[in-house]
Amino acid sequence: MSSNKDKTYIIVDLEATCTDAREFPRHEMEIIEIGAVAVEGKALVPAGEFEAFVRPVRNPFLTDFCTRLTSITQADVEGADTFPVVNDRFRAWVDGFTSPVFCSWGNYDRNQFLQDCAHHRVPYPFPTDYHINIKARFAKRQGIGRSVGMKKALQLAGLPLEGTHHRGIDDARNMVRLIPYIFGQARLGRQTS
Numbered sequence: 028m029s030s031n032k033d034k035t036y037i038i039v040d041l042e043a044t045c046t047d048a049r050e051f052p053r054h055e056m057e058i059i060e061i062g063a064v065a066v067e068g069k070a071l072v073p074a075g076e077f078e079a080f081v082r083p084v085r086n087p088f089l090t091d092f093c094t095r096l097t098s099i100t101q102a103d104v105e106g107a108d109t110f111p112v113v114n115d116r117f118r119a120w121v122d123g124f125t126s127p128v129f130c131s132w133g134n135y136d137r138n139q140f141l142q143d144c145a146h147h148r149v150p151y152p153f154p155t156d157y158h159i160n161i162k163a164r165f166a167k168r169q170g171i172g173r174s175v176g177m178k179k180a181l182q183l184a185g186l187p188l189e190g191t192h193h194r195g196i197d198d199a200r201n202m203v204r205l206i207p208y209i210f211g212q213a214r215l216g217r218q219t220s
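For the sequence shown, the positions run 28 to 220 when our numbering is used.
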């Protein structure tokens, strides 16, 4: 078994079709953006990025709520490839790293990948099913007792949110800024609720 230093953490944030008016069921949500940053396990520094929009097929038109939440437009997804094509590119990118480990803030991203892969009958993009929930790991390592959202974790660490919240690549980059608090030795200062 390889040590953490031999691994590459693939920090992923997905955005998906969504609704606040029950226009379609949760199990029909589809990935519309994959944002990922590879982090070299020994030095805990970024080693590459992947970002792509995905054209949804089950619910091809984004809801107003989805566009407001993510800032992703209909034009962004209409000009994109479908999930099987983007997933192939993403898998090839992941395969370029030593011992890649899928990490995300919570379990949503893992479950959404499993759902989309099953729907499209394409391979899961990681070499193993192993996944690290860095939201739970942050809470445990920092001794805060409960998991918090990424935005709150940044506040606790004294870091400003950079980019656009609920954009895959920006959220992945923000998670990478928290990596010293998850896998490294950094500790939170005075914590507020």
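Note that beta-carbon positions come from the ideal geometry of N, C-alpha and C, so glycine has one too.
Under 8 angstroms between C-beta atoms of residue i and residue j
i: D40; j: D198; result: yes
i: R85; j: E105; result: no
i: E56; j: W132; result: The residue you asked about is not Glu; residue 56 is Met in the sequence shown. Not closer than 8 angstroms, so no.
i: I61; j: F117; result: yes
i: E42; j: I99; result: yes
i: C130; j: I171; result: no
i: L3; j: P207; result: Since the displayed the chain opens at 28 and closes at 220, residue 3 lies outside it and no answer follows.
i: A74; j: F124; result: yes
i: I196; j: E76; result: yes
i: D143; j: I59; result: no
i: G205; j: F165; result: According to the sequence provided, residue 205 is Leu. The question's Gly does not apply to it. Contact flag set, yes.
Start and end residues, beta strand (DSSP E) containing residue i
i: E55; result: Run containing E55: none; DSSP gives neither H nor E here.
i: P152; result: Run containing P152: none; DSSP gives neither H nor E here.
Residue i, buried or exposed, once every other Cβ within 10 Å from all chains shown has been counted against 16
i: T109; result: exposed
i: P127; result: buried
i: R194; result: buried
i: L186; result: exposed
i: A180; result: buried
i: G216; result: exposed
i: Q212; result: exposed
i: K32; result: exposed
i: G190; result: exposed
For residue i, the three-state DSSP class (helix, strand or coil)
i: C261; result: Outside the displayed range of the chain (28 to 220) lies residue 261, so it cannot be described from this structure.
i: L41; result: strand
i: H158; result: strand
i: R137; result: helix
i: G75; result: strand
i: P87; result: coil
i: Y203; result: The question names Tyr, yet the displayed sequence has Val at residue 203. In this structure, V203 counts as helix in the three-state DSSP scheme.
i: A213; result: coil
i: G68; result: coil
i: T219; result: In this predicted model, T219 has a pLDDT of only 43, less than 50, meaning its place in the structure is not dependable enough to derive any value.
Span of the alpha helix (DSSP H) around residue i
i: V113; result: 110-122
i: V104; result: 101-105
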